[in-house]
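Here this note's numbering is used: the first residue of the sequence shown is 20, the next is one more, and so on.
This report concerns only the one structure given below.
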Amino acid sequence: MEGKAMKIAQVAPLYESVPPKMYGGTERVVSYLTEELVRQGHDVTLFASGDSVTSARLVAPCRQALRLNDGCLDPLAHHVLMLELLSQVADNFDMIHFHCDYIHFPLSRRRRLPHVSTLHGRLDSPDLVSLYREFVEMPVISISDSQRTPVPWLNWQGTVYHGLPLDLYKFQGQAGTYLAFLGRICADKGIVEAIEIAKKAGIPLRISAKVDRGDREYFKGVVEPLLGHPLIQFVGEISESEKNEFLGSAIALLTPINWPEPFGMVMIEAMACGTPVVAFRRGSVPEVIDEGRSGFIVSSVDEAVAAIKKGRLVSRMSCRESFERRFTACRMARDYLKNYERLLESNNTITAMDPVGTSGPEESAPWTMTSSA
């Protein structure tokens with residue numbers, strides 16, 4: 020199989036399009052991986068929402084990404100439909116790569132599916148333990164070594180760090196006059212700490228962030244009262260095309276996270292622009308940041324303030340070099356292909372129990388798209 024073109028299915032969550040119009044880390048990674056695999060000559064089918072844009076073959080169980088569809092009352096229904104559409108054509112693929120957590124586990128157990136799942140989220144929820152114990156044979160890939168900590172006994176096949184297209188962000192050698200915060204408004208992301216860091220450092224902070232429905236109360240009650248300070252500017256959610264200027268013009272990116280974040284795409288986006296990262300020592304941060312070369316790892320607000328002053332000594336070119344060496348889409352695709360090939364060579368697939376039908380999808384189904392977008 021090594022060196023040969025493969026038929027690969029990429030199965031994405033349906034909450035955002037691939038790539039997402041605005042915020043959406045998992046779907047963005049799926050897009051970068053899919054496009055790079057196509058570029059390398061592989062035959063890729065993407066299972067995603069109908070407003071996705073891809074050079075792969077697109078199969079869409081819903082016309083629009085579910086987060087942006089006010090008429091969607093039951094997201095699970097669309098994901099179950101996606102699994103059925105996949106099941107009908109599963110035998111066409113050399114490898115099926117799932118990015119939608121564990122929803123496919125019962126199906127994968129009962130079919131001879133050559134598959135692997137990248138687990139994109141946090142794994143420290145007690146609710147997951149019994150489920151993963153039951154499906155302990157499922158081959159899975161982590162996005163950082165630290166992500167595995169709560170469940171080291173899973174059938175881990177490897178760790179594959181996220182990657183970005185080499186030319187997605189342009190290097191900016193001259194920093195601007197502000198600190199940047201980019202992500203989502205919630206306590207986990209450390210927005211309050213970022214504001215405190217900026218105020219103590221006496222440097223303007225620009226906040227570009229999404230406010231989910233579930234976080235609106237936190238935003239109104241905790242964050243909004245802090246936005247009146249003259250150093251703090253709330254920009255709101257920005258598009259992918261606006262990120263390069265926003266990140267590239269910053270002195271540094273602040274990521275004072277309060278949770279064991281499995282990866283954190285924004286850190287490598289900043290590096291690609293040449294912008295150093297100042298982040299709290301939690302989750303994957305020590306794996307992603309090259310201390311003193313692409314940023315600084317700290318444990319408190321005061322340490323972050325001190326690091327910002329040192330950050331002016333970090334070469335912006337060294338940040339870009341760290342990105343090019345470790346976090347490109349080409350490297351990510353290469354690592355995934357190695358995992359695909361090893362799984363196929365070792366026949367590390369699930370033993371079939373009671374196979375389900377494999378009849379093809381009806382061509383008249385209005386929600387199914389089989390041509391490239």
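Using N, Cα and C, we set each Cβ at its ideal position, and we do this for glycine too.
Every value quoted in this text rests on a predicted model; they were computed, and no experiment measured them.
**Request:** Would you mind working out which of Glu215, Ala79, Lys229 sits nearest Leu100, comparing C-alpha positions?
**Result:** Mapped onto the sequence shown, residue 100 falls at position 81. Leu100 has its Cα closest to that of Ala79, out of Glu215, Ala79, Lys229.
**Prompt:** Between the C-alpha atoms of Cys292 and Ser149, what's the straight-line distance to the nearest angstrom?
**Reply:** Translated into the one-based positions of the sequence shown, residue 292 becomes position 273. Translated into the one-based positions of the sequence shown, residue 149 becomes position 130. If I take the Cα positions, the gap works out to 42 Å.
**Item:** C-beta atoms of Pro184 and Ala31 nearer than 8 Å
**Value:** Residue numbering aside, residue 184 sits at position 165 when the sequence shown is read from its first letter. Residue numbering aside, residue 31 sits at position 12 when the sequence shown is read from its first letter. No, they are not a contact pair.
**Prompt:** Which class does Val230 belong to by DSSP, given the choice of helix, strand or coil?
**Reply:** By one-based count along the sequence shown, residue 230 stands at place 211. It is coil, neither helix nor strand.
**Extent of the continuous beta strand (DSSP E) to which Pro158 belongs** = Stepping through the sequence shown from its first residue, residue 158 is reached at position 139. Its beta strand (DSSP E) spans residues 158-161.
**Prompt:** Under 8 Å, do Ala298 and Met284 count as touching if we go by C-beta distance?
**Reply:** Your numbering for residue 298 matches position 279 in the sequence shown. Your numbering for residue 284 matches position 265 in the sequence shown. Ala298 places its beta carbon 8 Å or farther from that of Met284.
**Request:** Out of Val333, Arg300, Pro305, Leu332, state which residue places its alpha-carbon closest to the alpha-carbon of Val320.
**Result:** For the purposes of this step, residue 320 is taken as the residue at position 301 of the sequence shown. It is Arg300.
**Request:** Determine the burial state of Val155: buried for a count of at least 16 other Cβ atoms within 10 Å of its Cβ, exposed for fewer.
**Result:** One-based indexing of the sequence shown puts residue 155 at position 136. Only exposed fits Val155, as fewer than 16 other CB atoms lie within 10 angstroms of its CB.
**Item:** Residue nearest to Trp396 in terms of C-alpha spacing, selected from Ile162, Arg82, Leu187
**Value:** A query on residue 396 cannot be resolved here, the shown segment of the chain reaching from 20 to 392 and no further.
**Member of Ile308, Gly140, Met157, Glu153 whose CA lies at the smallest distance from the CA of Arg130** = Counting from 1 along the sequence shown, the entry for residue 130 is found at position 111. The shortest Cα separation from Arg130 among Ile308, Gly140, Met157, Glu153 belongs to Met157.
**Asked** In this structure, does DSSP put His134 in helix, strand or coil?
**Response** Indexing the sequence shown from 1 puts residue 134 at position 115. Looking at His134 - three-state DSSP - the assignment turns out to be strand.
**Asked** Helix, strand or coil for His1 per DSSP?
**Response** The requested residue 1 is not part of the displayed model; the chain covers only 20 to 392.
**Request:** Identify whether Gly177 lies in helix, strand or coil by the three-state DSSP scheme.
**Result:** The residue labelled residue 177 in the question sits at position 158 within the sequence shown. Correct three-state label for Gly177: strand.
**Prompt:** What's the gap between the Cα of Ile214 and the Cα of Ser268?
**Reply:** The residue given as residue 214 occupies position 195 in the sequence shown. The residue given as residue 268 occupies position 249 in the sequence shown. Here the alpha carbon of Ile214 sits roughly 18 Å from the alpha carbon of Ser268.
**Message:** Which residues does DSSP list as the beta-bridge partners of Val49?
**Reply:** Taking the first residue of the sequence shown as 1, we reach residue 49 at position 30. According to DSSP, Val49 shares a beta bridge with no other residue.
**Asked** Just to confirm, are Gly69 and Gln59 a CB contact at a threshold of 8 Å?
**Response** As a position in the sequence shown, residue 69 is number 50, starting the count at 1. As a position in the sequence shown, residue 59 is number 40, starting the count at 1. Not closer than 8 Å, so no.
**Message:** I need the straight-line Cα distance from Glu322 to Lys219, nearest angstrom please.
**Reply:** To locate residue 322, count along the sequence shown from 1; it is residue 303. To locate residue 219, count along the sequence shown from 1; it is residue 200. Approximately 11 Å, taken between the alpha carbons.
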